[in-house]
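Residue numbers (the working numbering), protein chains in the order written: chain C, 1 to 223; chain B, 1 to 223. All C-beta atoms in this analysis are idealised placements derived from N, C-alpha and C, irrespective of residue type, glycine included. Computed from a predicted structure; not experimentally measured. These notes are about the structure you will find just below.
There are 2 protein chains.
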Amino acid sequence: MKLRSVDIGKTTSAASIVFDSLRQAIIEGELDDGDPLRQDEIAALFNTSRIPVREALTRLEQHGLVENRRYRGAVVAGISVDEAAEIFDFRSLLEGEVIAASVSRMTPASLLEARRHFQDFMDSDDPLEWGELNRRFHYALYRDSGLTYHLKVIDNALDRVERYLRAQLLMTDGLDRANREHLEILEACEAGDASRAAECTRQHIQGAKRTLIAFLETRANDA
Amino acid sequence: MKLRSVDIGKTTSAASIVFDSLRQAIIEGELDDGDPLRQDEIAALFNTSRIPVREALTRLEQHGLVENRRYRGAVVAGISVDEAAEIFDFRSLLEGEVIAASVSRMTPASLLEARRHFQDFMDSDDPLEWGELNRRFHYALYRDSGLTYHLKVIDNALDRVERYLRAQLLMTDGLDRANREHLEILEACEAGDASRAAECTRQHIQGAKRTLIAFLETRANDA
DNA sequence: ATATTGAATATTGGATCCAATCTTGATATT
DNA sequence: AATATCAAGATTGGATCCAATATTCAATAT
């Protein structure tokens, strides 16, 4: 298992820090599908006992990032082609709705911030940053909707597929297309066109879905 | 705190049993908003230590049913009018989509089961049963969609508002309207009309939303 | 050689204990 | 009387220890 050790401070619970670190490691692909997550090993890395580690693992299980089998330990949860496809449809539906609700209330500050994140995403050449920069871009466009519950659920869904999204961006044309589509979405928002913003967002996600499915299927055939 | 004690078997983890019991108690309204959930007290009720209780509480927090404040204990999570309204919009969107996807694949067995649950819901006069019977009815109509991720998210959203749904059903006309609308949805599915089923489902949820908001607002004014 | 048994080891789930923090209530101060 | 202070009790977060279960691997039987 590859995982950096982290010192635990006192302002946050140890369980939360272990949770955040493991979540990031899984999302960034540092840990692969099926990798076992031994409580002892993780506890040693964080200089804690297994108790907070177990809490982190149950939280990760609820997020769908970890599978916990009684007396047999936890492993990093993979994803089937069907699940991945479903989650992209799910995101497409929700994110379309959220951005449509957002546009009419969108502040200049949010638009400016979105444009900044759009640039950052274009400028970055570190695949590990892409996920976070992508989130920030979309979140800047979503948050004025005020739909906090929707946003939390979308965030969870993203966690579940982010590893695979990165693989997809690394494929031919992946990055270029993402940038083009981000710009389209941004311009629709700047123009105050809610239904176009929603449609572009849905297309953006559906396009990613198609690429990802192709990727997962070739990977499955290789194995 | 009102809560029956339960014997913990060996086939499931104690944490899961505590989780299920607390979830049900909260959903059924046996525990009210803001009620403190003391680890010792709960552990004693289930004849366990606080360890599995804590795991149950963290899981419940992720479900939005409990609020956990560091060193200050857990309380049953309430819900604001805004949150409730948002969750009904959320459900309306998702459940409309799911039932539309379901109709074309719906088996006679599922339709029969739905009709049975429809009857059970009509026949029942125990408010505590309504939530479960309502779920079964809708679930029978949703499951042939095969959209397991959507269904899990919908279930979570229902958990968050079920307490308030019951209050809403108890209001004037609440039950009658639910029964009428259930029948409409069922007939649309039997007729194989996906878009009508979706539209009826959305209206069903939006209607409940309006009633619930009225209820929550009068309650807020009373306090 | 292959399959089967069972002891040794590894690993998790839970109980008990300790430390850190919060809450309460009595006392002191203005 | 109202507010501030601080000690005692209550409660949680985490560490250590024990019990229950799973896995591994050598010895045995077919």
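Taking the CB atoms as reference points, tell me whether Tyr139(B) and Ile99(B) lie closer together than 8 Å. no
For Leu37(C), is the classification buried or exposed, using 16 other Cβ atoms within 10 angstroms of its Cβ as the cut-off for buried? buried
Cβ pair His204(C), Glu181(C) closer than 8 Å: yes
Supposed close pair Leu111(B), Cys189(B) - CB separation, criterion 8 Å: 6 Å
Please name the residue or residues paired with Glu67(C) in a DSSP beta bridge. Val75(C)
Determine the chain B residues that contact Leu93(C) at a beta-carbon separation under 8 Å, and present them in chain order. Leu93, Leu94, Glu97
If the criterion is Cβ atoms closer than 8 Å, does the pair Arg177(C) and Gly131(C) meet it? no
Name the DSSP bridge partner or partners of Pro36(B)? Val75(B)
Would Ile27(B) and Arg136(B) qualify as a contact pair, given that the criterion is a beta-carbon distance under 8 Å? no
Could you tell me the alpha carbon to alpha carbon distance between Leu216(B) and Gln62(C), rounded to whole angstroms? 30 Å
Quick check on DSSP: helix, strand or coil for Arg4(B)? Its pLDDT being 49, under 50, Arg4(B) is placed unreliably in this model, and the coordinates cannot settle the point.
If you run the structure through DSSP and keep just helix, strand and coil, what is Asp176(B)? helix
Between Glu151(C) and chain B, is the shortest Cβ-Cβ distance under 8 Å, so that the two count as touching? Note that residue 151(C) is Leu in the sequence shown, not Glu. It does not; no Cβ of chain B falls within 8 Å.
Is the segment 49-56 of chain C touching the segment 10-19 of chain C, taking contact as three or more C-beta pairs under 8 Å? yes
Could you confirm whether any beta carbon from chain B is found closer than 8 Å to the beta carbon of Ile26(C)? no
Asp35(C) and Val224(C) - do their beta-carbons sit closer together than 8 Å? This structure cannot settle anything about residue 224(C), because the visible part of chain C is limited to 1 through 223.
Which chain B residues are close to Arg70(C), counting only those with a beta carbon under 7 Å from its beta carbon? Ser13
Reduced DSSP category for Thr148(B) - H, G, I as helix; E, B as strand; rest coil: helix
Ile87(B) and Tyr149(C) - do their beta-carbons sit closer together than 8 Å? yes
Evaluate Asp123(C) with the Cβ neighbour count: other Cβ atoms within 10 Å of its Cβ, from every protein chain shown; 16 or more gives buried, anything less gives exposed. exposed
With DSSP as the reference, label Met122(B) as helix, strand or coil. helix
Pairwise C-alpha distance: Ile154(B) and Thr172(B): 27 Å
Considering just the uninterrupted stretch of the alpha helix (DSSP H) at Thr58(B), what are its terminal residues? 50-62
Can you name the residues of chain B whose CB is closer than 7 Å to the CB of Glu199(C)? In chain order: nothing, as chain B lies at least about 16 Å away.
Ser80(C) by DSSP, collapsed to three states: which one? coil
With a 10 Å radius around its C-beta and 16 neighbouring C-beta atoms as the bar for buried, classify Gln119(C) as buried or exposed. exposed
How many angstroms separate the CA atom of Ala167(C) from the CA atom of Ala84(C)? 13 Å
Consult DSSP for Gly207(C) and reduce its assignment to one of helix, strand or coil. helix
Look at Leu165(C) and Leu212(C) and say whether their C-beta atoms are less than 8 Å apart. yes
Quick one: grab the DSSP three-state call for Asp89(B). helix
Minimum Cβ-Cβ distance from Leu147(B) to chain C less than 8 Å: yes
Measure the alpha-carbon distance for Glu97(C) versus Leu170(B) and round it to whole angstroms. 32 Å
Kindly indicate which residue of Ala25(C), Phe121(C), Ser92(C) has the alpha-carbon position closest to the one of Leu183(C). Phe121(C)
Who are the Cβ neighbours of Ala74(C) in its own chain at under 6 Å, not counting the five residues just before and after it? Leu37, Leu57, Val66, Asn68
Given this structure, state the Cα-to-Cα distance separating Arg219(B) from Arg70(C), to the nearest angstrom. 44 Å
When the distance is taken between beta carbons, is Val53(C) closer than 8 Å to Val103(C)? no
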